[in-house]
Structure formats: structure tokens, C-alpha cells
Amino acid sequence: MTIHKHGSAHWSGDIKRGKGTVSTESGVLNQQPYGFNTRFEGEKGTNPEELIGAAHAACFSMALSLMLGEAGYTADSIDTKAVVSLDKTDSGFAISKVALESKVTVPGIDPQQFDGVIQKAKAGCPVSQVLNAEITLDYTLN
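The sequence shown begins at 21 in this note's numbering and counts up one residue at a time.
So, in C-alpha cells, the structure goes:
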């Protein structure tokens, strides 16, 4: 089974003064602005790195939920942030690292067992698998 989802982007102009919009198939993002100023200068609008971060945080949280279920547990809550690092390199820019930070509440799970499950979720998350970056994980188990 193959699932296809899509996002789209429009751009016009040069890199510094140009503007673009980004949209998703679901319409949750509908012509949201992005540009040099939203990516590098902190202006209002989105940017590719925060979209990757949101996708990674969502995917990881779902993978963790699945793997907890396979181990016989259900999380009361999983709150994950993915901090995406964009670094200047000799050849331009590169996403070098994604730092996952997750706060999880799972009743009755042994901390050592939980560590095994959450590490498996980090490795098994489809977004983790597609990223060519160092992925770190810090978590708090409640």
C-alpha cells in the first residue's frame, strides 16, 4: 500500500526580495507566505525548517504512540518539539541536526522499558528515516 500526500509552493522574484506561498493538500496551510525574510530575518510567515520540524514532531509522536501500544501501553500525553538546525556551509546551507524534545506521560511503564520504546520510535519514524541530519532525542517521562 502506498499513500500519497502533497504540499505545494509558489515563488516569484529574486531570493532577497521575492515572495512565496506554501499550501497543503488538506488546506490546513493555504497560501501561507514565506520568503527570505521569514526564513532568515524572523518576519511573520513560515519557512521550510519549521514545516520540517512540525512534520517530524508529529510523525515521531505518532510512532511513539504506535510502539507504546504494541508494548501494551497507552500514553496520556505526548508533547514533542523538533528543533531544526540550518547551518551555513561552504556550499550554501544545510539542515545539520534535528533535536527532538518530548514530554510523555505513560501510566505504569518501567523507565527502562520506556527508553527502549522511545529509542525505537526515534529510529522507526518515517520522517527520521528520510532526513539526512543528526537526530538527537531528549525526553521526560512522567
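We put the beta carbon where it would ideally sit given N, CA and C, even for glycine. Predicted, not measured: the structure shown is a model, and the values here were computed from it.
Just so you know, the alpha carbons of alanine 91 and aspartate 130 end up roughly 11 Å apart. Exclusion of the five residues before and after lysine 117 leaves Ser105, Ala153, Glu154 as the residues of its chain whose Cβ lies within less than 6 Å of its Cβ. Residue pairing for histidine 30: DSSP places it in a beta bridge opposite Thr41. For threonine 160, the closest C-alpha among the options Ile115, Gln149, Ser97 is that of Ser97. When the beta-carbon positions are compared, glycine 40 and histidine 26 stay at least 8 Å from each other.
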